[in-house]
Amino acid sequence: MRRLTAVQLSIIVPTFNEAPNVAELVRRVTAAADGIDAEIIFVDDSTDDTPDVIREVAASASLPVRLMHRSSRAGGLGGAVVEGFALAEADACLVIDGDLQHPPEEIPLLYARFAQGDVDIVIASRYVGGGTATGLADRTRVLVSKAATALTRAMFPGRLRGVTDPMTGFFLVDRRAIDAATLRPRGFKILLEILARKTVRVAEVPFAFADRHAGESKASLRQGLHFLAQLTALRFGKMSLFAVIGGLGAVVNIAIVWGLTSLGVDYIVAAVIAAEATIIGNFVLLERFVFHDMREAASGGWLRFAKSFTFNNAEALIRIPVMALLVESWHISVVVATALTLVVAFFVRFVFHSLVVYAPRRADAEPSRMRHFVEELDEQAMSPGEL
Ligand code: GDD
Ligand code: MN
Numbered sequence: 457m458r459r460l461t462a463v464q465l466s467i468i469v470p471t472f473n474e475a476p477n478v479a480e481l482v483r484r485v486t487a488a489a490d491g492i493d494a495e496i497i498f499v500d501d502s503t504d505d506t507p508d509v510i511r512e513v514a515a516s517a518s519l520p521v522r523l524m525h526r527s528s529r530a531g532g533l534g535g536a537v538v539e540g541f542a543l544a545e546a547d548a549c550l551v552i553d554g555d556l557q558h559p560p561e562e563i564p565l566l567y568a569r570f571a572q573g574d575v576d577i578v579i580a581s582r583y584v585g586g587g588t589a590t591g592l593a594d595r596t597r598v599l600v601s602k603a604a605t606a607l608t609r610a611m612f613p614g615r616l617r618g619v620t621d622p623m624t625g626f627f628l629v630d631r632r633a634i635d636a637a638t639l640r641p642r643g644f645k646i647l648l649e650i651l652a653r654k655t656v657r658v659a660e661v662p663f664a665f666a667d668r669h670a671g672e673s674k675a676s677l678r679q680g681l682h683f684l685a686q687l688t689a690l691r692f693g694k695m696s697l698f699a700v701i702g703g704l705g706a707v708v709n710i711a712i713v714w715g716l717t718s719l720g721v722d723y724i725v726a727a728v729i730a731a732e733a734t735i736i737g738n739f740v741l742l743e744r745f746v747f748h749d750m751r752e753a754a755s756g757g758w759l760r761f762a763k764s765f766t767f768n769n770a771e772a773l774i775r776i777p778v779m780a781l782l783v784e785s786w787h788i789s790v791v792v793a794t795a796l797t798l799v800v801a802f803f804v805r806f807v808f809h810s811l812v813v814y815a816p817r818r819a820d821a822e823p824s825r826m827r828h829f830v831e832e833l834d835e836q837a838m839s840p841g842e843l
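Heads up: take any position in the sequence shown, counting from 1, add 456, and you land on this note's numbering.
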């Protein structure tokens with residue numbers, strides 16, 4: 457719908473199978489946004505009849521109601537929100553759940569605070585002033601939510617200063633203040649992603665998290681795991697996620713050797729089995745969590761596996777004699793030699809994986825390979841990790 461006045465506020469609603477909530481949501485948003493030139497954008501990934509219901513409601517709504525139906529569900533809720541930012545007519549983008557757990561009646565309050573013009577984001581918080589979280593399904597979810605919030609705030613003491621509810625899905629943001637290209641939306645916590653990537657000016661207003669109007673929550677253990685991976689990635693970047701996975705591998709390696717030898721397996725055989733098992737496990741985790749974004753452009757999965765597998769075996773084979781050499785000729789203690797070779801191996805492994813295993817398929821001729829190499833390495837080491 458083309459209108460004479462510019463849209464002041466774009467209200468983005470991510471939906472996944474929310475058919476019974478659409479009409480009520482549009483009704484309450486329309487009533488609440490009275491006096492604000494607003495539009496509603498549904499970014500929908502539903503597998504039920506939600507899109508039909510949205511079209512039907514849109515036809516008789518007094519606000520412009522737009523629908524973007526995605527078939528991919530890329531990035532889940534967070535991906536839908538980012539897509540909404542791109543589609544919005546206004547720079548002021550308000551994000552609200554489609555199940556009415558975020559009362560639309562609070563929209564004018566958020567908008568008024570935003571209109572003061574001194575902040576980039578206004579967050580509706582369950583944990584400030586008169587805010588409450590009573591709509592969370594049960595005590596466990598309240599506890600999980602509180603613990604996750606505390607952990608998150610502890611991990612980003614600077615960027616989340618003054619933010620009591622970085623996990624809320626109800627906020628108003630000036631899209632010009634965020635760098636959409638750096639966002640890695642994955643699952644539910646899109647606000648955290650925005651806040652952690654860039655310093656923005658924030659204000660909070662309290663709100664009461666209500667019960668669902670209808671339907672079921674899409675929160676799951678899987679979302680919880682996504683969240684933990686997101687935290688690690690945001691905080692430590694790709695290289696550290698790589699290190700965490702490597703460390704995990706070392707622990708598993710030791711556990712396997714211990715388990716097998718206590719079952720009477722010869723220690724050399726146990727060591728080989730443990731090494732191969734961790735190399736494979738490591739590869740699977742790297743694929744899933746660290747180099748997820750580079751897989752598509754890289755060579756095929758089996759080729760990547762072959763490269764990674766070969767490298768890790770070669771590394772193990774080379775590291776032992778190098779260690780022996782260090783001990784024998786440089787008279788370094790075994791412990792120091794082990795530590796030294798492990799640290800060097802870690803960096804070499806990281807470099808090899810980001811630049812060789814996950815190298816883009818089309819290798820174009822570079823004017824200065826060395827320079828390209830250094831730039832790539834720098835970018836990989838510093839770039840935020842993926843989940
Ligand atoms: N487009 C799209 N794609 N929307 C989704 C997806 C998806 O994959 N998954 C969930 N949604 C939509 C739901 O349809 C709903 O409108 C909204 O996102 C929130 O999902 P719920 O399933 O209602 O989640 P919740 O109530 O557990 O979580 C809410 O509270 C959290 C705080 O505890 C959300 O607001 C979260 O953003 C918030 O962090
Ligand atoms: Mn909900």
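Every residue, glycine too, gets a C-beta built ideally from N, C-alpha and C. Values in this document were obtained by computation on a predicted structure and should not be read as measured data.
Item                                                                                                 : Value
Beta-carbon proximity check, residue 591 vs residue 666, cutoff 8 Å                                  : yes
Residue 520 beta carbon near the ligand GDD (any heavy atom closer than 7 Å)                         : no
Residue 525 in three-state terms, based on DSSP                                                      : strand
Check: residue 594 C-beta below 7 Å from any heavy atom of the ligand MN                             : no
Within 7 Å of the ligand MN: residues by beta-carbon to any heavy atom                               : 553, 555, 557, 668, 673
Given 8 Å, three or more beta-carbon pairs between the region 733-742 and the region 756-771         : yes
Which of helix, strand or coil DSSP assigns to residue 564                                           : helix
Local Cβ density within 10 Å of residue 712, reported as buried at 16 or more and exposed below that : buried
Segment contact flag, the region 525-538 with the region 562-576, C-beta cutoff 8 Å, min 3 pairs     : no
Distance cut-off 7 Å: residue 623 Cβ against heavy atoms of the ligand GDD                           : yes
Rounded C-alpha distance that separates residue 466 from residue 684                                 : 30 Å
Residue from 608, 492, 485, 642 whose Cα sits closest to the Cα of residue 557                       : 485
Euclidean distance between Cα positions of residue 490 and residue 656                               : 29 Å
Residue interval of the beta strand (DSSP E) (run including residue 729)                             : It is not in any beta strand (DSSP E) - residue 729 instead sits in the alpha helix (DSSP H) that spans 723-741.
Stretch pair the region 799-810 + the region 713-720: three plus CB contacts closer than 8 Å         : no
beta-carbon residue 472 near the ligand GDD non-hydrogen atom, thresh 7 Å                            : yes
Burial state of residue 820, where buried means 16 or more other Cβ atoms lie within 10 Å            : The pLDDT assigned to residue 820 is 49, lower than 50, so where the model puts this residue is not dependable, and the model offers no usable value.
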